Amino acid sequence: MSAVDLTVKLGPLTLKNPVVTASGTFGYGTEFSPFLDLSTLGGIVVKGLSLRPRRGNEPPRICETPSGMLNAIGLQNVGVDAFLQEKLPALLPFDTAVLANVYGEREEEYVQVCERLEGARGLAGIELNVSCPNTSRGGMQFGVDPVTLERLVAAVRRVTSLPLIVKLSPNVTDIGEPARAAVAGGADILSLVNTFTGMGIDAESRRPVLNNVVGGLSGPAIKPLALYMVHRVAKAVDVPIMGMGGIMNAVDAVEFFLAGAAAVQIGTSNFLNPGGAATMVRDLEQWCSRHQVEKVRDLTGGLRT
Amino acid sequence: MSAVDLTVKLGPLTLKNPVVTASGTFGYGTEFSPFLDLSTLGGIVVKGLSLRPRRGNEPPRICETPSGMLNAIGLQNVGVDAFLQEKLPALLPFDTAVLANVYGEREEEYVQVCERLEGARGLAGIELNVSCPNTSRGGMQFGVDPVTLERLVAAVRRVTSLPLIVKLSPNVTDIGEPARAAVAGGADILSLVNTFTGMGIDAESRRPVLNNVVGGLSGPAIKPLALYMVHRVAKAVDVPIMGMGGIMNAVDAVEFFLAGAAAVQIGTSNFLNPGGAATMVRDLEQWCSRHQVEKVRDLTGGLRT
Amino acid sequence: MIFSGPVSLLENLDLGHDNFLAVLDAPEVGASTEPAQFVMVRVGEGTDPLLGRPFSVARIGEGPNGATVQLLYKVVGRGTGILAGLQPGARVSMVGPLGRPFPPPEDPQAPVYLVAGGIGIAPFPLLSARLLAAGYHPRLLYGARSRGDLVGRDLFPPGIEMEVATDDGSAGHAGFVTQLLDRHLAALDSRTRRRAIAYVCGPTPMMAATDAVLSRHEARGHLSLESFMGCGFGVCLSCVVPRVGQATGYARICVHGPTFPAGSIDWQRIQPL
Amino acid sequence: MIFSGPVSLLENLDLGHDNFLAVLDAPEVGASTEPAQFVMVRVGEGTDPLLGRPFSVARIGEGPNGATVQLLYKVVGRGTGILAGLQPGARVSMVGPLGRPFPPPEDPQAPVYLVAGGIGIAPFPLLSARLLAAGYHPRLLYGARSRGDLVGRDLFPPGIEMEVATDDGSAGHAGFVTQLLDRHLAALDSRTRRRAIAYVCGPTPMMAATDAVLSRHEARGHLSLESFMGCGFGVCLSCVVPRVGQATGYARICVHGPTFPAGSIDWQRIQPL
Ligand SMILES: Cc1cc2nc3c(=O)[nH]c(=O)nc-3n(C[C@H](O)[C@H](O)[C@H](O)COP(=O)(O)OP(=O)(O)OC[C@H]3O[C@@H](n4cnc5c(N)ncnc54)[C@H](O)[C@@H]3O)c2cc1C
Ligand SMILES: Cc1cc2nc3c(=O)[nH]c(=O)nc-3n(C[C@H](O)[C@H](O)[C@H](O)COP(=O)(O)OP(=O)(O)OC[C@H]3O[C@@H](n4cnc5c(N)ncnc54)[C@H](O)[C@@H]3O)c2cc1C
Ligand SMILES: Cc1cc2nc3c(=O)[nH]c(=O)nc-3n(C[C@H](O)[C@H](O)[C@H](O)COP(=O)(O)O)c2cc1C
Ligand SMILES: Cc1cc2nc3c(=O)[nH]c(=O)nc-3n(C[C@H](O)[C@H](O)[C@H](O)COP(=O)(O)O)c2cc1C
Ligand code: FES
Ligand code: FES
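Top to bottom, those sequences are chains F, B, H and W.
In this text, residue positions in the first sequence follow this note's numbering: the first is 46, and each later residue adds one.
In this text, residue positions in the second sequence follow this note's numbering: the first is 46, and each later residue adds one.
In this text, residue positions in the third sequence follow this note's numbering: the first is 69, and each later residue adds one.
In this text, residue positions in the fourth sequence follow this note's numbering: the first is 69, and each later residue adds one.
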């Protein structure tokens with residue numbers, strides 16, 4: 046087997062390999078130490094951080110669906126300060142890019158969280174989660190209105206020197222629009238997709254399965270939708286893309302590279318196959334080797350149409 | 046088992062039961078005669094009809110995905126005239142509501158097809174498929190722009206006296222908007238959802254699986270998304286709803302009723318379980334009986350939140 | 069009515085080289101299946117995989133409840149992989165029989181050739197049994213990649229003459245099975261040749277080549293085509309194939325076929341799968 | 069490291085009334101599991117169903133490759149339904165052992181009660197074996213709906229005293245198992261009572277009731293809780309439960325539990341499943 050070059054460069058962010066674990070599905074990283082060596086991963090995106098700790102929604106918070114799951118965790122997290130004091134230092138020993146996923150109810154909250162993250166040792170970048178309800182705009186998501194989104198990204202851009210990833214919501218008519226807005230605001234990288242809005246109902250009790258009524262759909266069910274959106278965004282903008290949505294194995298990852306992603310994020314798969322992200326790095330290397338692909342980055346956008 | 050009243054009234058359209066087969070998944074009806082008695086069904090929506098026959102896209106046209114399938118048939122159909130001469134008369138012997146699904150590339154084509162359908166013997170209503178690319182607006186779908194949609198529906202409304210169903214596309218930021226536009230244009234009933242835009246890629250050949258590159262996702266994978274959209278539209282408008290998306294059995298149907306649907310359409314399920322729609326009518330009756338539901342219409346909107 | 073419902077797996081024999089024989093307890097299907105008709109089989113407990121897979125009925129046997137349906141299949145992907153892992157007693161969903169059978173030769177004097185490529189052998193044991201019963205003496209020409217891929221020969225009734233071809237020469241003729249057919253037809257006098265009929269099943273390129281051989285010799289034939297199938301009974305419109313002289317339309321393999329007369333398919337317009 | 073991977077089903081015994089015992093060839097898991105720890109088991113060949121299901125390890129046995137993991141389970145939905153249909157030789161995915169075990173009583177003189185409701189019996193065969201080995205004399209109080217639901221009693225090591233209760237009175241005490249516990253504790257003198265310890269597993273209302281009994285008698289105890297679980301190891305945040313005195317936060321049953329000290333759960337704030 047010839048050596049495969051797995052490194053990928055996403056603008057200012059260089060990853061040793063393109064396999065990154067997705068926010069909200071990998072805890073703060075060390076939870077997975079019993080299952081894999083964190084240093085084998087290209088990167089880790091931690092659970093979404095808000096300014097203050099959040100307890101999240103009342104349970105039930107998840108619901109299984111055909112080849113997918115709905116979640117309405119409600120962004121339970123330790124808050125940015127505890128992250129900096131307890132969680133981030135625990136990741137210093139590992140050779141992987143740690144990315145902070147940031148969440149706010151108002152533009153100022155995003156800015157404040159990013160300000161605190163500035164200069165933090167061992168932090169490789171910031172990913173803005175713009176799929177949360179924008180409380181100052183009546184609960185509409187930040188990510189669906191291009192104007193609000195561009196302003197938000199620009200505001201964060203002013204306070205951070207870290208590589209800035211904007212994570213797009215798929216719940217839009219044309220994902221090219223928020224993609225362009227995020228780039229106009231100063232995003233270095235786009236990641237997509239976040240979860241699709243959905244709902245589960247229990248016919249027996251006649252109640253929503255989730256206490257929150259609606260939740261976000263993730264897992265293999267959404268893979269064909271996510272692949273399409275990556276393909277679409279790759280045509281709309283020029284910045285590198287991290288693709289995600291239902292990736293379960295190395296072949297799925299290759300499909301996202303071909304559609305236009307420079308790296309992938311692994312979400313729901315971590316729940317059922319906790320060592321899977323590490324296996325995927327090995328399998329991806331083997332796939333490339335078997336297919337005479339010397340550099341994994343050569344796959345990006347390689348779809349033949 | 047006490048007798049259950051399965052009839053439902055959707056504005057001007059009364060159905061003997063709320064189980065209707067969805068356009069594009071049930072041919073012109075008689076293809077299913079070897080599997081079930083068409084008279085057991087509440088209704089049949091035939092394959093989308095255009096003014097002239099269409100041969101459809103080059104194959105491959107479908108692609109299996111986790112708990113779903115993508116299709117890009119390209120609206121292959123016999124055309125409205127052949128439908129009226131050959132297909133519709135063949136359905137006259139059956140005691141079921143026959144609904145014509147109508148498709149056009151321009152507003153005038155929709156109007157012309159509906160004009161020909163006016164007065165056709167045995168036709169119970171029209172369903173407008175507004176999820177097709179609007180060729181006069183650069184390929185954007187009719188269903189995603191509320192202004193265009195309202196105009197289209199109003200134009201059709203003027204030429205048809207039949208119950209008018211508008212079938213909404215789910216590929217929008219807020220499905221409440223096209224819902225309100227369709228009602229403003231004169232829709233009697235809304236049906237939803239049509240397929241979600243997606244894509245399949247074959248990693249080996251590095252080519253899209255579908256010759257058309259993109260296709261529409263249907264099947265159980267989309268059920269949680271469709272349920273949410275039905276719930277949302279039921280809150281946005283006052284007209285009756287036909288819900289669909291991944292319904293495989295009577296319990297799935299009940300979930301759609303609870304979310305706000307007065308009737309359901311069965312799509313992809315027909316491919317793998319060709320007698321399934323008839324079974325569902327029986328199972329639904331039993332479900333109601335077991336749960337002391339005397340009239341199936343009492344389930345509509347019965348979600349406890 | 070066409071059967072649609074669950075059936076039990078009675079046996080699942082490993083024939084080597086990824087080939088299996090599944091024996092299914094499906095009396096209704098077995099009672100009415102004609103050669104080259106197929107069934108849609110759906111495996112798995114959930115909705116992934118979602119769709120059925122088409123398989124020719126290879127043989128009809130006798131089981132505890134009447135006829136059994138026997139499928140000869142090759143593991144190529146997820147569906148067939150799951151099927152191969154099932155133990156006797158497992159249940160699968162079946163719809164069938166579907167499609168148009170191979171029509172009988174009609175001419176009692178016709179030399180009859182069965183031309184099989186790889187797992188395209190599947191419909192021929194049943195066809196052979198019916199042809200023998202009708203007094204024909206079919207000759208099987210069977211091509212495969214290599215000796216080990218020549219599976220299912222013991223499913224044929226006694227009295228079938230067989231010739232084999234392998235790409236690598238490990239058994240029989242070294243080369244394509246179409247060459248065997250070509251040789252046979254060439255050896256016939258021209259009147260007999262025009263009475264000859266070939267039944268053909270195999271991968272698309274092999275069938276296109278066989279079609280060309282038949283046309284060159286002006287011999288008759290019927291081809292059983294393959295394609296991805298979403299439903300198997302004409303409504304999903306996925307299995308379309310361009311027919312000669314129908315520039316504006318397609319035939320559906322599942323209902324207009326899977327068998328088509330030689331010379332009726334527009335091979336130029338078929339995209340490689 | 070925690071094991072994560074495929075394991076083989078060696079046996080799948082039908083115990084009646086929808087209850088089964090699965091014996092799995094999982095030496096790494098068996099070698100390190102403590103009482104009340106659980107495993108996540110994923111069934112099916114595709115991605116539907118998607119998530120694993122949590123099961124307590126009921127017993128650790130001896131198999132061809134070392135320890136076997138034995139699960140006592142009740143069919144309640146799709147996942148357990150598919151599991152029950154699997155034949156020996158089938159493979160499932162397993163992650164484990166997970167969660168915090170029941171802590172030992174510590175006080176060698178402690179009267180030890182095992183309080184089981186329905187399929188909540190599952191963790192007690194293993195716990196009993198460990199308690200007996202450590203010199204304790206646990207008494208099992210086992211409640212179920214009806215006689216036939218009292219499954220798994222022969223999985224216990226000899227020397228365990230058992231008392232049963234059934235809702236319908238078809239076996240043992242007619243009524244709740246909590247009443248048995250109440251009676252036992254009431255019969256103890258107050259000093260012994262405070263040394264008593266109960267290990268409890270069952271449906272949520274039964275555990276809430278048992279917790280109340282323990283608190284009334286000022287006896288100690290540990291409860292093994294249930295909840296829907298997406299991962300089993302602390303990251304999906306689905307299995308949260310409100311703890312007493314933590315008005316602003318939740319415990320995760322999978323990593324902070326499934327065992328919790330009596331008196332630590334805020335039952336008022338738990339919604340019925
Ligand atoms: C009428 C008919 C009769 C058939 N009879 C037999 C038979 O008797 N024995 C047998 O082994 N096979 C038969 N086939 C082919 C069989 O249906 C496919 O091998 C099977 O569908 C593959 O399913 P899978 O899930 O294992 O593969 P997938 O995971 O779905 O696909 C694996 C690969 O196989 C290709 N493929 C999928 N479906 C088909 C198909 N229908 N035809 C050709 N390629 C396909 C895919 O494009 C993909 O590249 C028949 C096909 C048809 C149309
Ligand atoms: C730590 C732990 C240990 C367990 N040990 C055992 C055991 O040893 N034996 C056993 O039979 N069961 C045990 N359970 C319960 C078991 O996990 C559920 O019965 C199982 O997940 C149901 O799966 P299903 O797919 O069959 O049901 P589903 O189809 O998912 O659901 C059917 C119904 O069961 C409910 N349900 C789903 N998951 C759970 C759950 N985890 N707990 C309670 N209700 C649930 C659902 O709300 C639904 O109403 C344990 C649960 C936990 C949390
Ligand atoms: C339980 C759960 C929690 C999540 N939490 C977050 C979060 O805090 N921030 C965020 O940006 N995305 C969050 N996501 C979205 C994932 O990061 C990812 O975008 C999505 O799940 C799609 O990928 P997948 O299909 O591989 O899971 C969460 C997803 C799940 C399933
Ligand atoms: C193969 C195929 C063809 C379809 N053709 C049409 C069509 O012609 N007109 C239309 O309005 N919807 C069409 N649809 C959409 C279905 O009617 C339905 O809205 C969709 O499949 C969701 O329902 P389901 O998940 O139950 O399949 C088609 C769907 C499939 C799978
Ligand atoms: S397989 Fe569906 S139309 Fe032929
Ligand atoms: S089950 Fe995932 S956090 Fe507990």
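Every residue gets a Cβ at the ideal spot worked out from N, C-alpha and C, and that includes glycine.
None of these values were measured; they are calculated from a predicted model.
- Of all residues in the segment 61–73 of chain F, those with a C-beta nearer than 7 Å to a C-beta of chain W are T70, F71 and G72, reading in chain order.
- Not one heavy atom of ligand 1 lies closer than 7 Å to the C-beta of H:S161.
- Here the segment 219–226 of chain B lies against the segment 274–287 of chain B, with 3 or more beta-carbon pairs under 8 Å apart.
- When only Cα atoms are considered, H:A184 and H:R215 end up about 14 Å apart.
- Within the same chain, Cβ atoms closer than 6 Å to the Cβ of B:G290 are found at V238, I267, K268 and A271, the five residues on either side in sequence being excluded.
- By a beta-carbon distance limit of 8 Å, H:S196 contacts H:L182. Their separation comes to about 7 Å.
- Excluding its 5 nearest sequence neighbours in each direction, F:R97 has C-beta neighbours in its own chain below 8 Å: G124, listed in chain order.
- Under the 8 Å Cβ criterion, the segment 108–119 of chain H counts as touching the segment 110–124 of chain W, having at least three qualifying pairs.
- In the three-state reduction of the DSSP assignment, W:H241 falls in the strand class, which pools E and B.
- With contacts defined by Cβ atoms closer than 8 Å, W:P326 and W:F106 form a contacting pair.
- Our two residues, F:Q331 and W:D93, have alpha carbons roughly 29 Å apart in a direct line.
- Closer than 7 Å to some heavy atom of ligand 1: that describes the Cβ of H:F106.
- Under the criterion of beta carbons closer than 8 Å, H:I128 and H:G167 do not qualify as touching, at roughly 16 Å.
- Proximity of chain H to W:G114 at the Cβ level (cut-off 7 Å) is accounted for by G112, G114, D116 and P117, in chain order.
- Per DSSP, the beta bridge partners of H:V160 are H:V75.
- Here B:V49 is near B:S334, since their CB atoms are less than 8 Å apart.
- Distances between the C-beta of W:C304 and the heavy atoms of ligand 3 include at least one below 7 Å.
- Ligand 1 approaches H:I187 closely enough that one of its heavy atoms is under 7 Å from the residue's Cβ.
- Straight across, the Cα-Cα distance linking W:T234 with W:G73 is about 39 Å.
- Along the segment 104–166 of chain B, the alpha helix (DSSP H) occurs as fully enclosed runs of 4 or more residues at 133–136 and 152–162, listed in sequence order.
- Listed along chain W is no residue with a C-beta nearer than 9 Å to that of H:G145; the closest approach is about 12 Å.
- For the set H:P95, H:S124 and H:V143, the Cα lying nearest the Cα of H:A135 is the one of H:P95.
- In chain order, R106, I107, E109, M114, N116, T313, F316 and L317 make up the part of chain B whose C-beta sits under 9 Å from the C-beta of H:G298.
- The beta-carbon distance between F:N318 and F:T66, rounded to whole angstroms, is 12 Å. This is too long to meet the 8 Å contact definition.
- Apart from the 5 residues on each side of it in sequence, F:G119 sits with its Cβ closer than 6 Å to the Cβ of G101 and N102 in its chain, given in chain order.
- Checking the 7 Å criterion, the Cβ of F:L120 is within range of a heavy atom belonging to ligand 3.
- Judged by their CB atoms, B:L60 and B:A322 are not nearer to each other than the 8 Å cut-off.
- Per DSSP, W:D116 lies in no alpha helix (DSSP H) segment and is marked neither H nor E.
- No Cβ of chain H is located within less than 8 Å of the beta carbon of B:R196.
- Residue H:S295 holds the alpha-carbon nearest to the alpha-carbon of H:C269 among H:V163, H:G203, H:A202 and H:S295.
- Shown in chain order are the members of the segment 138–170 of chain W whose Cβ falls below 7 Å from a Cβ of chain H: I150, Q155 and G157.
- Taking 8 Å as the CB threshold, W:L293 stays off the interface with chain F.
- With a 10 Å radius around the Cβ and a threshold of 16 neighbouring Cβ atoms, W:R251 comes out exposed.
- Distance from the CA atom of B:N116 to the CA atom of B:T350, rounded to whole angstroms, is 35 Å.
- Exposure of W:A201 is indicated by the presence of fewer than 16 other C-beta atoms within 10 angstroms of its C-beta.
- Under the three-pair Cβ rule at 8 Å, the segment 134–147 of chain B counts as touching the segment 161–170 of chain B.
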